[in-house]
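**Student:** What follows is a single structure, and I will ask about it in a moment.
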Amino acid sequence: MAALQTIAHRATPQASVDFDAIVIGAGVSGLYQLYKLRQLGLSVRVFEAGTGVGGTWYWNRYPGARFDSESWTYGYAFSSELLEDWNWEEHFASQPETERYLNHVADRFDLRRDVQLKSRVASARYDEDARSWAVTLEDGRRYSARFLVTAIGVLSAPTMPNIPGVETYRGQSCHTHYWPKEPVDFAGKRVGIIGTGATAVQTIQEIAKTVGHLTVFQRTPNWCAPLHNAKISAAEMRDIRSRYAEIFARCSDTPGCFIHAPDPRATHEVSPEEREAFWEKLYGEPGFGIWQGNFRDILTDRAANALVSDFVARKIRQRVKDPAIAEKLIPRNHGFGTRRVPLETRYYEVYNQPNVALVDINETPIERITPVGIKTAEREYAFDIIIYATGFDAITGSFDRIDISGVDGVRLKDKWKDGPQTYLGVLVEGFPNLMMVMGPHAGLGNFPRAAEYSVEWVTELIRFAHERGITRVEATSAGVARWTEHVLASGQGLLMNEIDSWMTGVNRNVEGKQTRKIMRYSGGHPAFREHCDRVAADGYRTLALA
Ligand SMILES: Cc1cc2nc3c(=O)[nH]c(=O)nc-3n(C[C@H](O)[C@H](O)[C@H](O)COP(=O)(O)OP(=O)(O)OC[C@H]3O[C@@H](n4cnc5c(N)ncnc54)[C@H](O)[C@@H]3O)c2cc1C
């Protein structure tokens, strides 16, 4: 048993724990957290529900699943050896490539020996006497640890649509998150897909290549923009490798940790011709540039947002032959970029295929899933396969699915009933020694860039405690109140926060998630880091340490 337990014994004689730290989740965040905690010499066990590592990139193996982040900005930055020995094949890697990458990381750093797969954590209870966490798996096995670190993902709790009859369907059906490992053959098949978010867009454009007939059930169209993916040649990879330091420095300067930074100009500062030329350029370039690298005010100024929305609407009208279908594909209830922008490859052209139909379920609502297919208010559709691309109970969903209770048995779910309350997105008052990697109210963005920071911050806090024999680390109510207030203030004026989406915690398929909440820190990652760095530099004096 590692050194920390010895210290724990000294501070609280009753304490006897199985591990210094338990980490939940073996995705990008959990794997790196394991690596970092091991470096402190701690005993660590990672519990992962899946049968393999990789998190998002283990589960979401639906056809067409791939990055919207540039692969070479997404990989871990922490190890120059890893950067040296991994070659990305595509600018926007597919799920199989990313799953291979994360398995390579697990092997390269010998992480597997501390990862316990097929181990879903059902509950976690804080034991005040022992100053430790008791974790129970779904199968009843129990473990304890001084520190509990959640790395359970922001998009890892899939939700099925709230439609009766799902269990009565006799054909093949699947949520995109739970896609089977065996290939699914769509040739000649009648397929129905519910949903038109980022996952659905990737699935639709891929299966449209081989499907017999595809019916897309759409409630809310999204503003999509071209991905412009391409293979990475050996020469390009050499060039990327030589620029990694510059690439990661750039990512750390941008609000969303992407390679794309907002243009310093405001939309109305340039002439209509210049504006149009700039948008044409962005629309023709790879990745999130049109979202993250646009004029600085498109996500705060309604008039600016209306102009860019009109630009993208015109693109949709140009690409979709049937004007009535084009109009259905143009969002009316939100402006461009105020929801997560799905990046696409010939998505709009799919609707020009004679074997693809779009059903607007606002006009003809789905009444039920039947044994043969989907029944709307208008008619019944028969399908061989139904795909549920209905997304996730985002950000807090994976927390809600674990019965987490802190001091005096208070449940985290109850504590967050009216919205998350955290300190720096990492700590929760009343839940000592619980640390969240990429928790609610943390800075999100190009994920590993933000997650590496989050893991390193958590690791430093644990190191601090470890070195001083501190066995109880807790946020204070004043700290949480201040941070929550700051998070709410930093979200003011952002059009995104005025729209129903997973980013504002709305999921019509989940009870209690019908009203908008501020779920993430929107002040930009550089500012987020500044706050967190200051707390650490100040010796964590804003925390209650004992
Ligand atoms: C389809 C899709 C595409 C995406 N594309 C991008 C992209 O292009 N760029 C980007 O930056 N981000 C993207 N994301 C976000 C993506 O989730 C992150 O990039 C990243 O993979 C998250 O890593 P993580 O380790 O924090 O969480 P996850 O990868 O979600 O891993 C969490 C793990 O925790 C496990 N877990 C959860 N609860 C429990 C429990 N109770 N017990 C045991 N194990 C548990 C889960 O099984 C999962 O394996 C995408 C997400 C999805 C779903």
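Just so we're aligned: the sequence shown equals residues 731 to 1276 in our numbering. By construction, the Cβ of each residue, glycine as well, lies at the ideal position given by its N, Cα and C atoms.
In three-state terms, what does DSSP make of Y1270?
**Tutor:** Translated into the one-based positions of the sequence shown, residue 1270 becomes position 540. DSSP places Y1270 in coil when its eight states are reduced to three.
**Student:** For M890, which three-state DSSP category applies?
**Tutor:** To locate residue 890, count along the sequence shown from 1; it is residue 160. Reduced to three states, the DSSP call for M890 is coil.
**Student:** Does the beta-carbon distance from H821 to N959 come in below 8 Å?
**Tutor:** Counted from its first residue, the sequence shown places residue 821 at position 91. Counted from its first residue, the sequence shown places residue 959 at position 229. For H821 and N959, yes; Cβs fall inside 8 Å.
**Student:** Mind checking whether F1282 and Q948 have CB atoms under 8 Å apart?
**Tutor:** Any property of residue 1282 remains undetermined from this structure, which presents the chain solely from 731 to 1276.
**Student:** Taking the CB atoms as reference points, tell me whether A928 and P1072 lie closer together than 8 Å.
**Tutor:** For the purposes of this step, residue 928 is taken as the residue at position 198 of the sequence shown. For the purposes of this step, residue 1072 is taken as the residue at position 342 of the sequence shown. Yes, they are a contact pair.
**Student:** From A1195 to L1029, what does the alpha carbon distance come to, in whole angstroms?
**Tutor:** On the sequence shown, position 465 is the one that residue 1195 refers to. On the sequence shown, position 299 is the one that residue 1029 refers to. A1195 and L1029: Cα-Cα distance of roughly 41 Å.
**Student:** With a threshold of 8 Å, are at least 3 pairs of Cβ atoms found where one atom belongs to the stretch 1049 to 1064 and the other to the stretch 1080 to 1090?
**Tutor:** The stretch 1049 to 1064, when compared against the stretch 1080 to 1090, does touch it at the 8 Å Cβ threshold.
**Student:** Does the beta-carbon of R1271 have 16 or more other beta-carbons within 10 angstroms, so that it is buried, or is it exposed?
**Tutor:** If you number the sequence shown from 1, residue 1271 lands on position 541. So R1271 ends up on the exposed side.
**Student:** Going by CA-CA distance only, name the one from L944, V747, R843, V851 that's closest to R861.
**Tutor:** If you number the sequence shown from 1, residue 861 lands on position 131. Measuring from the Cα of R861, the nearest candidate turns out to be V747.
**Student:** Under 8 Å, with one C-beta from each stretch per pair, do the stretch 906 to 914 and the stretch 780 to 790 reach the 3-pair mark?
**Tutor:** Contact between the stretch 906 to 914 and the stretch 780 to 790 is present, because at least three Cβ pairs lie under 8 Å.
**Student:** Given a threshold of 16 other Cβ atoms within 10 Å of its Cβ, counted over all protein chains shown, does S1252 qualify as buried or as exposed?
**Tutor:** As a working mapping, residue 1252 is identified with position 522 in the sequence shown. Looking at its Cβ environment, which holds 16 or more other Cβ atoms inside 10 Å, S1252 is buried.
**Student:** Using the three-state DSSP reduction, which class does L1142 fall into: helix, strand or coil?
**Tutor:** For the purposes of this step, residue 1142 is identified with residue 412 of the sequence shown, where counting begins at 1. Three-state DSSP puts L1142 in a helix.
**Student:** Is the closest heavy atom of ligand 2 to the C-beta of Y1251 under 7 Å?
**Tutor:** In the structure on display, ligand 2 does not appear, and the ligands it does have are ligand 1.
**Student:** How far does the beta strand (DSSP E) with M1165 in it extend, from its first residue to its last?
**Tutor:** Counted from its first residue, the sequence shown places residue 1165 at position 435. First-last of the beta strand (DSSP E) with M1165: 1164 to 1166.
**Student:** Are there 16 or more other CB atoms within 10 angstroms of the CB of D798, so buried, or fewer, so exposed?
**Tutor:** Within the sequence shown, numbered from 1, the residue matching residue 798 stands at position 68. With 16 or more Cβ atoms within 10 Å of its Cβ, D798 is classed as buried.
**Student:** Go to R813, then tell me how far its alpha helix (DSSP H) extends in each direction, as first and last residue.
**Tutor:** Mapped onto the sequence shown, residue 813 falls at position 83. Checking the sequence, you will find Leu at residue 813 rather than Arg. Residues 810 to 815.
**Student:** Can you check the stretch 1090 to 1167 for any alpha helix (DSSP H) of at least 4 residues that lies completely inside it and give the ranges in chain order?
**Tutor:** DSSP runs (the alpha helix (DSSP H)) wholly in the stretch 1090 to 1167: 1127 to 1130, 1142 to 1145.
**Student:** With C-beta atoms as the reference, is S1163 less than 8 Å away from V1203?
**Tutor:** Locating residue 1163 in the sequence shown gives position 433, counting from the first residue. Locating residue 1203 in the sequence shown gives position 473, counting from the first residue. As written in the sequence, residue 1163 is Asn, which differs from the Ser given in the question. Cβ atoms of N1163 and V1203: closer than 8 Å.
**Student:** Taking Cβ positions, are K1239 and T1120 nearer each other than 8 Å?
**Tutor:** In the sequence shown, the residue the question calls residue 1239 occupies position 509. In the sequence shown, the residue the question calls residue 1120 occupies position 390. It should be noted that the sequence gives Asn, not Lys, for residue 1239. Yes, these two residues count as a Cβ contact at 8 Å.
**Student:** Mind checking whether the beta-carbon of A1172 lies closer than 7 Å to any heavy atom of ligand 1?
**Tutor:** Translated into positions along the sequence shown, residue 1172 becomes position 442. For ligand 1, not one heavy atom lies less than 7 Å from the Cβ of A1172.
**Student:** Flag Y1118 as yes when its Cβ comes closer than 7 Å to any non-hydrogen atom of ligand 1, and as no otherwise.
**Tutor:** Mapped onto the sequence shown, residue 1118 falls at position 388. Not under cutoff, so the answer is no.
**Student:** What residue range does the beta strand (DSSP E) around R838 cover?
**Tutor:** In the sequence shown, counting from the first residue as 1, residue 838 sits at position 108. R838 -> not in any beta strand (DSSP E); alpha helix (DSSP H) instead, spanning 825 to 838.
**Student:** Note the first and the last residue of the continuous beta strand (DSSP E) segment covering A864.
**Tutor:** Numbered from its first residue, the sequence shown carries residue 864 at position 134. It spans 862 to 867 - the beta strand (DSSP E) in which A864 sits, taken as one unbroken run.
**Student:** So which of P956, Q1048, S963 has the shortest CA-CA distance to E1015?
**Tutor:** As a working mapping, residue 1015 is identified with position 285 in the sequence shown. Closest by alpha carbon: P956.
**Student:** Would you check if the stretch 1132 to 1139 and the stretch 846 to 854 touch, i.e. whether three or more CB-CB distances between them fall below 8 Å?
**Tutor:** Contact between the stretch 846 to 854 and the stretch 1132 to 1139 is present, because at least three Cβ pairs lie under 8 Å.
**Student:** Given that a residue counts as buried once 16 or more other Cβ atoms are within 10 Å of its Cβ, and exposed if not, what is E1182?
**Tutor:** Residue numbering aside, residue 1182 sits at position 452 when the sequence shown is read from its first letter. Counting Cβ neighbours within 10 Å, E1182 comes out buried, since at least 16 surround it.
**Student:** Can you grab the Cα-Cα spacing for the pair Q1083 / V783, in whole Å?
**Tutor:** Your numbering for residue 1083 matches position 353 in the sequence shown. Your numbering for residue 783 matches position 53 in the sequence shown. Going by the C-alpha atoms only, they are around 38 Å apart.
**Student:** Between which residues of its own chain and P992 is the CB-CB distance below 6 Å, once the five residues before and five after are set aside?
**Tutor:** Numbered from its first residue, the sequence shown carries residue 992 at position 262. Hits under 6 Å: R1026.
**Student:** With a Cβ-Cβ cutoff of 8 Å, do I970 and E819 count as a contact?
**Tutor:** Counting from 1 along the sequence shown, the entry for residue 970 is found at position 240. Counting from 1 along the sequence shown, the entry for residue 819 is found at position 89. Cβ atoms of I970 and E819: not closer than 8 Å.
**Student:** Quick one: grab the DSSP three-state call for K1277.
**Tutor:** Because residue 1277 is not part of the residues shown, which for the chain are 731 to 1276, the question remains open.
**Student:** Under three-state DSSP, which class holds A733?
**Tutor:** Counting from one through the sequence shown, the residue named residue 733 turns up at place 3. Confidence at A733 is low in this model, with a pLDDT of 37, below 50, so the placement of that residue should be treated as unreliable; the coordinate-derived value is given next. Correct three-state label for A733: helix.
**Student:** Taking just the CA atoms, how far does E976 sit from Q763?
**Tutor:** Taking the first residue of the sequence shown as 1, we reach residue 763 at position 33. Taking the first residue of the sequence shown as 1, we reach residue 976 at position 246. Spanning the two alpha carbons is a distance of roughly 25 Å.
**Student:** Secondary structure at R980, three-state DSSP: helix, strand or coil?
**Tutor:** Numbered from its first residue, the sequence shown carries residue 980 at position 250. Helix, per DSSP.
**Student:** Pairs of beta-carbons, one from the stretch 1140 to 1147 and one from the stretch 885 to 900, closer than 8 Å: are there three or more?
**Tutor:** Flag = no, the stretch 1140 to 1147 and the stretch 885 to 900 do not touch.
**Student:** Is the CB-CB distance between D1148 and K1243 below 8 Å?
**Tutor:** Residue mapping note: residue 1148 aligns to position 418 of the sequence shown, counting from 1. Residue mapping note: residue 1243 aligns to position 513 of the sequence shown, counting from 1. No, Cβ-Cβ distance for D1148 and K1243 is not below 8 Å.
**Student:** What's the C-alpha gap between L772 and E1197?
**Tutor:** In the sequence shown, counting from the first residue as 1, residue 772 sits at position 42. In the sequence shown, counting from the first residue as 1, residue 1197 sits at position 467. Cα to Cα, the separation comes out at about 12 Å.
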